[in-house]
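Per the working numbering, the sequence shown starts with residue 44, numbered consecutively.
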Amino acid sequence: MSGSPPIADLHFEDAPRVETPIPGPNSQKLLRRQREIDSGAVAYPRSVPIALDEAKGATIRDVDGNCFLDFFAGIGVLNVGHSNPYVLEAVTEQTERLVHTIDFPTEARIEFIEKLDEIAPGGLGGRNRVVFGGPSGSDAIEASIKLAKYNTDGRGLIAFKGSYHGATSGALSLTSGKKYKEAYTPLLPDVVHAPYPYPLWDDGDACGRILDEVRATVEDPYGGLTNPAGIWVEPIQGEGGVVVPPEGFLPGLKEIAEDNGIPLIVDEIQAGFGRTGKWFASEWFDVTPDAIPMAKGAGGAGLPLGALMYHEDLDTWGPGGHIGTFRGNVPAMRGGVRAIEYVQEHDLLDHAVDLGEYIRGRLREAAEASPSLAEVRGMGLFIGAEFVDDEGRPDEAAVNEIREYCYNRGVLVWSAGRYGNVLRLLPPLVMTREQAETGLDVVVDAIEAHAGEAAGRS
Ligand SMILES: Cc1ncc(COP(=O)(O)O)c(C=O)c1O
44 MSGSPPIADL HFEDAPRVET PIPGPNSQKL LRRQREIDSG AVAYPRSVPI
94 ALDEAKGATI RDVDGNCFLD FFAGIGVLNV GHSNPYVLEA VTEQTERLVH
144 TIDFPTEARI EFIEKLDEIA PGGLGGRNRV VFGGPSGSDA IEASIKLAKY
194 NTDGRGLIAF KGSYHGATSG ALSLTSGKKY KEAYTPLLPD VVHAPYPYPL
244 WDDGDACGRI LDEVRATVED PYGGLTNPAG IWVEPIQGEG GVVVPPEGFL
294 PGLKEIAEDN GIPLIVDEIQ AGFGRTGKWF ASEWFDVTPD AIPMAKGAGG
344 AGLPLGALMY HEDLDTWGPG GHIGTFRGNV PAMRGGVRAI EYVQEHDLLD
394 HAVDLGEYIR GRLREAAEAS PSLAEVRGMG LFIGAEFVDD EGRPDEAAVN
444 EIREYCYNRG VLVWSAGRYG NVLRLLPPLV MTREQAETGL DVVVDAIEAH
494 AGEAAGRS
């Protein structure tokens, strides 16, 4: 492909268009068949009952022909949109040529590692290594735990309340959500979860106090954690409710890590690959992580590709130091290179900043007339809106009502937050301003409808 198409050309033109009740008859059939044979662990269709047929850019069609604007992008995976033709061209070519190579060199692998270096943040540029293990974000987190243990000889892990780092045993040990882990404990034994700043709930001094607590966990002779290996942190908590920490938080953690010779591992799995308007969210805080687990957007077209970038000084392990059959899927690597090129060619980092400002602006206007919308926050196209009831308690029902109102009108939004009371918007970076305007008309109507009903109830 000589050039890549502009973002306006990537989508179905008819979104949003809903012509059946949701779920429509064809969706109902597939949902029923899924319930009969698929796992009881299936979760997403319980909240948004549709069966999917095809998708382009920031639009998705269900099996009844209804067309949705996608403000979720497969949990922040499809940053350059569904089936971006510029990405698919290279993926298809590679799929026809060579798919699985374990870690033998290919042009695709070397190009992808070089492209990652081009976008590496701060002091990692030109001084990093990348390891591929399994294809998911959880796999990248497992790699980071091994890297930290290998380099420090430590065993203790420091993470944060409100965190989500994945679902394999090591990653689940770092994850703080009890619902994900309660049936599977004990996990890794030496994990401490420190508080994560939560500006909506905190007083003004919380960040400093939390940093003191983290430092005490590492340095206090009675800190409890005997032998720390590293600190794992999300630069913006995703599952935890799109929580943006105060600007001193990540730099404070970096200082503690440096003072104590342990790595700071910044989990960019949800926040990375341009989502916040920088390649990596840690750049907004002027912090160079020692290691960055990445996945989600890495494979460009939604192809699974997990990777861990880390400072070259930590590259002390030998052959087989980290392993896995799927050590980097070659078509996904081609997709990853093309996705980065697409973002660069179309200035999508700036677009993410502008569009994010617009969306937060619309939500803040809605908040003025809706007391239950307590806070609108985020960076770039990583956006959260937190809802509370008339006594200020987390209001999960509000988010569920808003999500239902939206999908019935052709707009897909999602939730997050410790109590499920944060509306989470993660639109693809290729969403146009016109699509965002149309989608936000629906979201704002939903918020107003909820406010009206809440006022009627009280
Ligand atoms: C911040 C963060 N870390 C890790 C993970 C785990 O990634 P995966 O689901 O690909 O294993 C996720 C998934 O949502 C995530 O948001």
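Backbone N, C-alpha and C define an ideal beta-carbon position, used for all residues, glycine too.
Between the CA atoms of residue j and residue i - distance to the nearest angstrom
{"i": "residue 269", "j": "residue 305", "result": "13 Å"}
{"i": "residue 402", "j": "residue 107", "result": "29 Å"}
{"i": "residue 317", "j": "residue 471", "result": "10 Å"}
{"i": "residue 281", "j": "residue 234", "result": "20 Å"}
{"i": "residue 136", "j": "residue 186", "result": "30 Å"}
{"i": "residue 52", "j": "residue 109", "result": "20 Å"}
{"i": "residue 260", "j": "residue 274", "result": "11 Å"}
{"i": "residue 426", "j": "residue 63", "result": "29 Å"}
{"i": "residue 422", "j": "residue 125", "result": "22 Å"}
{"i": "residue 228", "j": "residue 484", "result": "44 Å"}
{"i": "residue 237", "j": "residue 266", "result": "12 Å"}
{"i": "residue 116", "j": "residue 96", "result": "15 Å"}
{"i": "residue 392", "j": "residue 79", "result": "43 Å"}
{"i": "residue 54", "j": "residue 99", "result": "5 Å"}
{"i": "residue 207", "j": "residue 313", "result": "10 Å"}
{"i": "residue 113", "j": "residue 134", "result": "23 Å"}
{"i": "residue 161", "j": "residue 389", "result": "17 Å"}
{"i": "residue 200", "j": "residue 254", "result": "16 Å"}
Where residue i falls: helix, strand or coil (DSSP)
{"i": "residue 105", "result": "strand"}
{"i": "residue 411", "result": "helix"}
{"i": "residue 153", "result": "helix"}
{"i": "residue 204", "result": "coil"}
{"i": "residue 100", "result": "strand"}
{"i": "residue 371", "result": "coil"}
{"i": "residue 474", "result": "coil"}
{"i": "residue 61", "result": "coil"}
{"i": "residue 244", "result": "coil"}
{"i": "residue 295", "result": "helix"}
{"i": "residue 341", "result": "helix"}
{"i": "residue 286", "result": "strand"}
{"i": "residue 199", "result": "strand"}
{"i": "residue 186", "result": "helix"}
{"i": "residue 272", "result": "strand"}
{"i": "residue 113", "result": "strand"}
{"i": "residue 493", "result": "helix"}
{"i": "residue 305", "result": "coil"}
{"i": "residue 395", "result": "helix"}
{"i": "residue 217", "result": "helix"}
{"i": "residue 137", "result": "helix"}
{"i": "residue 313", "result": "coil"}
{"i": "residue 95", "result": "strand"}
{"i": "residue 261", "result": "helix"}
{"i": "residue 234", "result": "strand"}
Beta bridge counterpart(s) of residue i as assigned by DSSP
{"i": "residue 429", "result": "418, 465"}
{"i": "residue 457", "result": "467"}
{"i": "residue 443", "result": "Looking at the DSSP assignment, residue 443 forms no beta bridge with any residue, so it has no partner."}
{"i": "residue 352", "result": "173, 335"}
{"i": "residue 437", "result": "431"}
{"i": "residue 125", "result": "100"}
{"i": "residue 120", "result": "Per DSSP, none; premise fails for residue 120."}
Residue j beta carbon less than 8 Å from that of residue i
{"i": "residue 452", "j": "residue 91", "result": "no"}
{"i": "residue 311", "j": "residue 328", "result": "no"}
{"i": "residue 223", "j": "residue 202", "result": "no"}
{"i": "residue 159", "j": "residue 174", "result": "no"}
{"i": "residue 332", "j": "residue 307", "result": "yes"}
{"i": "residue 334", "j": "residue 351", "result": "yes"}
{"i": "residue 101", "j": "residue 474", "result": "yes"}
{"i": "residue 111", "j": "residue 59", "result": "yes"}
{"i": "residue 502", "j": "residue 367", "result": "No information on residue 502 is available, as it lies outside the stretch 44 to 501 that the chain covers here."}
{"i": "residue 119", "j": "residue 340", "result": "yes"}
{"i": "residue 394", "j": "residue 441", "result": "no"}
{"i": "residue 404", "j": "residue 439", "result": "no"}
{"i": "residue 458", "j": "residue 468", "result": "no"}
{"i": "residue 205", "j": "residue 461", "result": "yes"}
{"i": "residue 431", "j": "residue 446", "result": "no"}
{"i": "residue 424", "j": "residue 398", "result": "yes"}
{"i": "residue 287", "j": "residue 409", "result": "no"}
Residue i classed as buried or exposed, judged by whether at least 16 other C-beta atoms fall within 10 angstroms
{"i": "residue 321", "result": "buried"}
{"i": "residue 336", "result": "buried"}
{"i": "residue 87", "result": "exposed"}
{"i": "residue 47", "result": "buried"}
{"i": "residue 477", "result": "exposed"}
{"i": "residue 429", "result": "buried"}
{"i": "residue 189", "result": "buried"}
{"i": "residue 354", "result": "buried"}
{"i": "residue 165", "result": "exposed"}
heavy atom of ligand 2 below 7 Å from residue i C-beta
{"i": "residue 209", "result": "Ligand 2 is absent from the structure shown, which contains only ligand 1."}
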